[in-house]
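Have a look at the structure below before the remarks.
Numbering (the working numbering), first residue to last: 24 to 251.
Structure follows, in structure tokens:
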């Protein structure tokens, strides 16, 4: 009985040990676009504010627009102030922005990926990101195949020095069933299924927003959604 009680105590949410995230770099293709400004950077900033990002973390933005690292940071700071509710903490931003970098380039050109590879190696050395990379495709869907092919041919589909590599693909995933299957086949030429994350940030949004109403309006969930 005592052992059972001890196990229950360990499993209680308030006593669980927080998982320490791996070091790594998030590489955003289409970084000058609306999705990055409205969704991605505010989400990453909130994680930083909650201290849920590792110290050994960086963000690399890639797009065709010519910008310096500092100009990109200023652009993202303005986007945060415009699109995120609440004030932006100067202290949190200063810490977060220190890990933000920018690489101008065409997603179809191999030179872009050569420059990216050099920058990632530098970040491994300077920020301790340990060869872990997550590539976020927030660019035009027409560029997805070219980006994936260049990542694969450039050896970026595998983490550096034992690290991991992930691919995040935003919606729309193809125009129809046929094009979706073709895109899927292209992804799997260079990435294992375990490396691929297909994202629709509006899928089920209304349902998620109404979970609390669903929970308290239906007593049948009481014994299920209760830690006691």
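From the three backbone atoms N, C-alpha and C, an ideal C-beta is built for every residue, glycine too.
Asked	Found
Buried or exposed by the 16-neighbour rule on C-beta atoms within 10 Å, applied to residue 133	exposed
Contact set for residue 256: own chain, Cβ-Cβ below 6 angstroms, skip 5 residues either direction	Lying before the first or after the last residue shown, residue 256 is absent from the chain, which here runs from 24 to 251.
Short Cβ contact (7 angstroms threshold) for residue 136 with residue 177	yes
Cβ-based neighbour list, residue 138, same chain, cut-off 8 angstroms, excluding 5 preceding and 5 following	126, 128
6 angstroms CB neighbourhood of residue 197 in its chain, flanking five on each side removed	203, 206
As assigned by DSSP and simplified to three states, the class of residue 179	coil
Span separating the alpha-carbon of residue 180 from that of residue 113	35 angstroms
DSSP-derived helix/strand/coil call for residue 86	strand
Nonlocal neighbours in the same chain, by C-beta distance under 7 angstroms from residue 116, ignoring five residues either side	100
Same chain only: Cβ atoms within 6 angstroms of residue 210, ignoring 5 sequence neighbours per side	171, 219
7 angstroms Cβ cutoff met for residue 188 and residue 156	yes
Where the beta strand (DSSP E) through residue 193 begins and ends	188 to 193
Residue 140 at chain C interface by Cβ criterion, 7 angstroms	No chain C is present in this structure, which holds just one protein chain.
Nearest-angstrom Cα separation, counted from residue 141 out to residue 37	Note that residue 37 scores 49 on pLDDT, short of 50, meaning its location in the model is unreliable and no value can be drawn from it.
Residues bridged to residue 46 (per DSSP)	Residue 46 is not bridged to any residue.
For residue 107 and residue 61, the rounded distance between their alpha carbons	8 angstroms
Endpoints, the alpha helix (DSSP H) within which residue 256 is located	Nothing can be reported for residue 256, as the shown portion of the chain is limited to 24 through 251.
Cβ-Cβ distance between residue 53 and residue 148 below 7 angstroms	no
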